[in-house]
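2 protein chains.
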Amino acid sequence: MLSKNQIKYINSLQQKKFRQEHQSFIVEGAKSVLELIQSDFEVESLFVTDDFYKENESLLEKQPLRAEIVSQAELERVGSFSSNNAALATVKTKGNQELFAQANEYVLILDDIRDPGNLGTIVRVADWYGITKIVCSKETVDFYGPKVISSTMGSFTRVGIYYTDLVSYLSNTSLKVYGTFLNSANVHTIQFAEAGYIIIGNEANGISAEVERLVTDKITIPRFGGAESLNAGIATAVICDNLRR
Amino acid sequence: MLSKNQIKYINSLQQKKFRQEHQSFIVEGAKSVLELIQSDFEVESLFVTDDFYKENESLLEKQPLRAEIVSQAELERVGSFSSNNAALATVKTKGNQELFAQANEYVLILDDIRDPGNLGTIVRVADWYGITKIVCSKETVDFYGPKVISSTMGSFTRVGIYYTDLVSYLSNTSLKVYGTFLNSANVHTIQFAEAGYIIIGNEANGISAEVERLVTDKITIPRFGGAESLNAGIATAVICDNLRR
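From first to last, the protein sequence lines stand for chains A and B.
The opening position of the first sequence corresponds to residue 1 in full-length UniProt numbering, with each subsequent residue numbered one higher.
The opening position of the second sequence corresponds to residue 1 in full-length UniProt numbering, with each subsequent residue numbered one higher.
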């Protein structure tokens, strides 16, 4: 059974302030926790239901940290999921380490993505397309929030995140910097460089004026119907798919 | 000011049961309401803030229906948005009219999409790529729910929806039926036919076995990294983008 202090601690990690204070975050649900315990993240505590334990016994017994058995109701009480019959972990965050594109690598740049579900989806899309580094403006939503982590569907274990000032970051690169704008080069026909940066703009305002000045190649996803825009996660996927073909 | 009966009626439309009973649904927010009043939907009642009225006066004065001025607090009390300083309308639903692909047309088929945000995103993506018909299994979430409508960002006005039994529907076509599976034909290299159907599967279980039997062409979105899957809206966008290039 969870103690009062454990309940209070886990609950507190739903808030960014306490995640930063404790340098910890919550991972919930079967898929995410299974990816977590096979990753290089440092698990602080692990709570699982009896059923989840039995189903994953061999994997769980290999863990340095012993899982505590709790009820589904307890998992739902401390976590953010309305339904969780599997597992919840508290995990140490990673430091904010600098990430740059290597000579044959693409890195995503997020210019103020505010919606946690969008950030999670972008991380999952990046992981699908083999992009392992994402650089975020300081105003981008916190990567370690429960909604972001759960929306990544486990991809948070494979994609590194670095928060920084985008203008100074991009001022120092000699690689191509791609950004999506209206009436620019058709993403279906352009030839992408070997390496570079792809900027995804804010949900409401797109790419900011300061960052736009550092874009070397403006690109457009061609439109065939009436919608005014695509959401940020969708645009990321379409650009990455064109990049990889 | 809204009357008690108006409040009760609008609130009730957040539930599918009452939307079906009254054959009406809610449209909220500036963008959606502006697209609505320029569409062929029949608006039943229209509530706007003073500011929204002034900003859109010429358009609103052309409407057959007079807009009632209400406060932001009233809009938020009756609607599903936590913040709405613009407008809300109640609107007649359209009948469930049969939709089929014409000789040069693609139609999306949704095999049990359960999440309202996913359905809304799929409608918006379809609209971007010029697909104006979507056929849904009977278990697919209700198109007229407030979360679906708002996620379409106005595209609900340009895309027709038809709920039916997919197995009988697909049994009668001679066009190609594409569906996404693992280890099938690469969507980057296949040659799409002039017309056909594209099936998007359920979020957790993919395309059902009964529907899979009616797929003529199995396709795969190639993966370059570690993520196990893409979400339904993302997969729709990537397939449509490949179809249109």
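All C-beta atoms, glycine included, are put in the ideal place defined by N, C-alpha and C.
Values in this document were obtained by computation on a predicted structure and should not be read as measured data.
Can you grab the Cα-Cα spacing for the pair residue i / residue j, in whole Å?
i, j, result
"residue 240 of chain B", "residue 126 of chain B", "8 angstroms"
"residue 142 of chain A", "residue 116 of chain A", "8 angstroms"
"residue 221 of chain B", "residue 242 of chain B", "10 angstroms"
"residue 105 of chain A", "residue 173 of chain A", "13 angstroms"
"residue 8 of chain B", "residue 80 of chain B", "13 angstroms"
"residue 152 of chain A", "residue 206 of chain B", "18 angstroms"
"residue 244 of chain B", "residue 187 of chain B", "12 angstroms"
"residue 30 of chain B", "residue 43 of chain A", "45 angstroms"
"residue 128 of chain A", "residue 58 of chain B", "47 angstroms"
"residue 168 of chain A", "residue 130 of chain B", "40 angstroms"
"residue 123 of chain B", "residue 4 of chain A", "46 angstroms"
"residue 159 of chain A", "residue 133 of chain A", "6 angstroms"
"residue 191 of chain B", "residue 234 of chain A", "23 angstroms"
"residue 121 of chain B", "residue 113 of chain B", "11 angstroms"
"residue 74 of chain A", "residue 83 of chain A", "11 angstroms"
"residue 232 of chain A", "residue 195 of chain B", "29 angstroms"
"residue 97 of chain A", "residue 14 of chain A", "23 angstroms"
"residue 157 of chain B", "residue 180 of chain B", "27 angstroms"
"residue 55 of chain B", "residue 210 of chain A", "29 angstroms"
"residue 21 of chain B", "residue 224 of chain A", "36 angstroms"
"residue 109 of chain A", "residue 197 of chain A", "7 angstroms"
For chain A, check one thing: does any of its Cβ atoms lie closer than 8 angstroms to the Cβ of residue i?
i, result
"residue 227 of chain B", "yes"
Residues of chain B with a CB under 9 angstroms from the CB of residue i: which are they?
i, result
"residue 224 of chain A", "128, 129, 130, 131, 240, 244"
In chain A, what lies closer than 7 angstroms to residue i by C-beta?
i, result
"residue 220 of chain B", "Those within 7 angstroms of residue 220 of chain B in chain A number zero; the least Cβ separation is about 12 angstroms."
"residue 22 of chain B", "Correct list: empty, because the minimum Cβ distance to chain A is about 28 angstroms."
Note down, in chain order, every chain A residue with its Cβ under 9 angstroms from the Cβ of residue i.
i, result
"residue 1 of chain B", "Near residue 1 of chain B there are no residues of chain A at all, since even the closest Cβ is about 31 angstroms away, more than 9 angstroms."
Proximal residues, the segment 229 to 244 of chain A versus chain B, C-beta separation under 8 angstroms
229, 230, 231, 233, 234, 237, 238, 241, 242, 244
If the cut-off is 9 angstroms on Cβ atoms, which residues from the segment 155 to 181 of chain B count as contacting chain A, listed in chain order?
155, 157, 158, 159
With 8 angstroms as the limit, tell me which residues of the segment 98 to 131 of chain B have their beta carbon closer than that to any beta carbon of chain A; keep them in chain order.
117, 121, 124, 125, 126, 127, 128, 129, 130, 131
Counting beta carbon pairs with one atom in the segment 46 to 54 of chain A and one in the segment 64 to 80 of chain A, are three or more of them shorter than 8 angstroms?
yes
Pair every Cβ in the segment 194 to 202 of chain B with every Cβ in the segment 72 to 88 of chain B, then say whether three or more of these pairs are closer than 8 angstroms.
no
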